[in-house]
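Each residue of the sequence shown is one higher than the last, beginning at -17 in this note's numbering. Even for Gly, the Cβ is constructed at its ideal location relative to N, Cα and C. Some notes on the structure that comes next.
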Amino acid sequence: MDTETTPPDGDAHDTVEAAVRAQLSKALGGVRGMVEAAVPVIAFTGTYVLLEEVRLAVIAGVAAAVVLLGVRLAQRSNPQFVLNSLVGIAIAAFFALRSGRAEDAFLPGIILNAGYGAAMLFSIMVRWPVVGFIIGSVTGDPTAWRRDPGIVKLCSRLTWLLLLPCVARVAVQYPIYLADGDQSGLLGAAKIAMGWPLQVAALAAMVWLLARGRTPIERGRPA
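Quick look at the structure:
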């Protein structure tokens, strides 16, 4: 008689669309995860705009991230997203303190978005769209999804939707960074406005696209 084993969480999804929706929601961390990413940036930018002191702005940004981390630990909830935020603000602080220019705090984010965008574009061009690996994580076979042209096409479209916010951020923020004068306030506003709101818009577009189809998942057999 066959013995049943408890499937991983992803196996509860019977379609490609349901699996991708669930994994994307988990990756973004929900509303709280998005807020935790924005708060340190708001603290850094607001402090610098008010006091025009890079060190104090850095302290405010790092302190905000540490407080959020403390709340997570006190609640014994997953600190992954606030840790990401803390690492991000620490890298930004390094750049800003090294040069003494508040604008340089935003340079790592611009570079990171450019790198993400280039990587996703390359993955689409070689027909290994990064969203496809979400399917692989659910089925237990990281590459089986490539045998279905329909799934490859769907994953390419979804990867485009993840790519566009990265392109938009670089296209808007890099020219501001290069402009003469202190652009830290404008960069901070642009980073906040183009952070989780753009991500939510991209996710909404992906959910709309995913809601239109029901592509069955073919699960790989265990080795």
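In this model, residue 136 and residue 83 are separated by some 43 Å (Cα to Cα). Contact between residue 40 and residue 26 holds, with the beta-carbon distance rounding to 7 Å and staying under 8 Å.
Residue 59 sits in coil when the DSSP states are folded into three classes, being neither helix nor strand.
Spatial neighbours of residue 67 in its own chain (CB-CB distance under 6 Å, excluding positions within 5 residues in sequence) are listed in chain order as 18, 19, 22 and 47. In the DSSP assignment, residue 90 falls within the unbroken alpha helix (DSSP H) covering 89 to 107.
Shown here for residue 170: same chain residues with a beta carbon closer than 6 Å to its own, the five before and five after excluded, namely 27 in chain order. Boundaries for residue 163: no alpha helix (DSSP H) harbours it, and the DSSP string shows neither H nor E there. Per DSSP, residue 189 is one residue of the alpha helix (DSSP H) stretching across 178 to 193. At the C-beta level, residue 96 and residue 148 come within 9 Å of one another. With contacts defined as CB atoms closer than 9 Å, residue 155 and residue 16 fail to qualify as a contacting pair. With the rule of 3 Cβ pairs closer than 8 Å, the stretch 31 to 38 does not count as touching the stretch 50 to 57. Just so you know, the alpha carbons of residue 59 and residue 162 end up roughly 43 Å apart. Approximately 7 Å separates the beta-carbon atoms of residue 89 and residue 159; this is inside 8 Å, confirming the contact. Sorting 62, 94, 81 and 112 by C-alpha distance to the C-alpha of residue 151 places 94 at the top.
By the criterion of a C-beta distance shorter than 7 Å, residue 145 is surrounded in its chain by 99, 102 and 103, once the five residues flanking it on both sides are discounted. In the displayed model, residue 127 falls within a helix according to three-state DSSP. Judged by beta-carbon spacing, residue 109 lies within the 9 Å limit of residue 138, meaning their Cβ atoms are closer than that value.
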